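Taking numbering that gives the first Met the number 0, the leading residue of the sequence shown gets 0, the next gets one more, and so forth. Notes follow the structure.
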Amino acid sequence: MRNYFGLIVLVILMSACKNQSKSQEVQTAQTPTQEESEWIYLFDGTSTEGWRGYNMETLPPGWIIKDSTLTFDTELGMEQDYKGGKDIIYGAEEFENFELYMEWKLPEGGNSGIFYHVKEGYDGPPVVSPEYQLIDDENYARIHDLTAYNTSLGYTDKPEELKPLQQTGADYAMHPPKADKTLHPVGEWNSSKIVFTPEKVEHWLNGELLLSFVPWDEAWQEKKNSDKWKNSPDYGKFKTGYIALQDHSSPIWFRNIKIKKL
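This is the structure:
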């Protein structure tokens, strides 16, 4: 009788442990779903819903879905001939503080960018919105003539070269990325992340932190007023706005574009 009672107790204990284990498994399985639900997909590979041209009602020609990527399908144009492009915005919602993630690749000599806090009514996003630069660091200066452009910015020392403030991951013309970054070769996918809060902005590339700065502080204001943006009074001043992608006369491929509000 005593052995029979002990067996019952053992069975009850084993059942309790099994139920507890199942409960833990359910909680563990739910965690990624809960985290994933925080992300808003701006492009998931199936639809361009929400996207349109800057200051436009529809997508400009060339911006299409191809092989489940958001593609600007065009021939490579030369920097010295560039007169501005048809940048696109995700116009369904404006964002304030966020973590933005996307994957992208460029062709040899390619150039593009990611803008945030974009407002319409200007000639284009660059005069009003900070930009995470995307460019072929290795080959761009070999293929394109940068001399006139860089000279106009005051770069008199080796104006034919791509400067750190113009390289991939830079807060364009404001903050350079670290020199020892990991940038995959042209034609291969890279991942970029922008984290924006009033306390700190971070640029990431392929899982590595490239730079950080405090928006709108004294150092930021000094940089803004001393270089390329000194004649653009509204540059970077807005605290909310659209996400935009740049048409810089270059093919570009984007996928897995998502944002999380902070």
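Glycine is no exception: its CB is placed at the ideal position from the N, C-alpha and C atoms. For clarity, every value in this text was computed on a predicted model and none was experimentally measured.
No residue range can be given for Asn205, since it is assigned to no beta strand (DSSP E) and is classified by DSSP as neither H nor E. Between the C-alpha atoms of Tyr121 and Met55 there is a straight-line separation of about 12 Å.
Sequence-distant Cβ neighbours of Glu93 in its own chain, meaning closer than 7 Å and more than five residues away, are Thr239, Gly240 and Tyr241. In the DSSP assignment, Ser190 forms a beta bridge with Glu102. The C-alpha of Phe212 is placed about 19 Å away from the C-alpha of Asn205.
Note on Ser46: under 16 other CB atoms within 10 angstroms of its CB, so exposed under the neighbour-count rule. Counting along the chain, no beta strand (DSSP E) covers Ala140; the unbroken alpha helix (DSSP H) around it starts and ends at Tyr139 to Ile142. By DSSP's assignment, Gln132 forms a beta bridge with Gly112.
Counting C-beta pairs closer than 8 Å gives fewer than three between the segment 77-97 and the segment 151-166, which falls short of the contact rule.
Here the alpha carbons of Pro184 and Ile134 stand approximately 11 Å from one another. Rounded to the nearest angstrom, the Cβ distance from Leu182 to Asp136 is 6 Å, consistent with a contact under 8 Å.
Look at Ala243 here: in three-state DSSP terms it is strand.
For the options Tyr100, His174 and Tyr53, the alpha carbon positioned closest to that of Phe253 is the one of Tyr100.
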